[in-house]
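Numbers in our numbering are just positions in the sequence shown, counted from 1, shifted up by 414.
Structure first, then comments.
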Amino acid sequence: MDLTQPAKPSIPGAIPAPACGKCGGQMNEGFVLDNSYGTTSVSNWIAGKPEYGVLGNVKTAHKKQMPVHTFACRECGYLESYIRPEAGPKASPR
Ligand SMILES: [Zn+2]
């Protein structure tokens, strides 16, 4: 886990790194990687409880997905996540 970089937002319009809600330490910007079937992406948040198809996959069709932006505390490792559309792959520059 690389928490050695200075805490500064790299995404335009992103909120500044908050102080850790557990220990008050400095937090660094990042994201949670969704890595499956040879592809990588940022994890998304979907409203409601998960619904499963006949093959056991979570149904995502017709559901709005919001990219999750996560901060990690440099001191204790606590993670704090926010829904941030600008963190997604189709974000348009402001
Ligand atoms: Zn902390």
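Just so it is clear, CB atoms sit at the ideal spot from N, CA and C, and this is done for glycine as well.
Contact test: residue i Cβ vs ligand 1 heavy atom, cutoff 7 Å
| i | result |
| --- | --- |
| Glu489 | yes |
| Gly439 | yes |
| Tyr492 | yes |
| Lys436 | yes |
CA-to-CA distance, residue j to residue i, given in whole angstroms
| i | j | result |
| --- | --- | --- |
| Phe485 | Gly491 | 9 Å |
| Thr474 | Tyr451 | 17 Å |
| Gln440 | Leu447 | 22 Å |
| Asn471 | Arg498 | 25 Å |
| Val468 | Gly438 | 45 Å |
6 Å Cβ shell around residue i - same chain, five flanking residues per side excluded
| i | result |
| --- | --- |
| Ser506 | With a pLDDT of 43 at Ser506, under the threshold of 50, the predicted position of this residue should be treated as unreliable, though the coordinate-derived value follows. Closer than 6 Å at Cβ, skipping near neighbours: no residue. |
| Lys465 | It should be noted that the sequence gives Glu, not Lys, for residue 465. Closer than 6 Å at Cβ, skipping near neighbours: Lys473. |
| Gly444 | Thr484 and Ala486 |
| Tyr496 | His483 |
| Glu494 | Phe485 |
Strand pairing of residue i, partner residues [DSSP]
| i | result |
| --- | --- |
| Leu493 | Ala486 |
| Gly444 | Thr484 |
| Ala433 | Gln440 |
| Thr454 | Asn449 |
Beta-carbon proximity check, residue i vs residue j, cutoff 8 Å
| i | j | result |
| --- | --- | --- |
| Pro481 | Asn458 | yes |
| Ala431 | Asn442 | yes |
Cutoff 7 Å; reference residue i; Cβ partners in own chain excluding five residues on either side
| i | result |
| --- | --- |
| Lys477 | Ile460 |
Same chain only: Cβ atoms within 8 Å of residue i, ignoring 5 sequence neighbours per side
| i | result |
| --- | --- |
| Thr454 | Leu447 and Asp448 |
| Lys436 | Cys487, Cys490 and Tyr492 |
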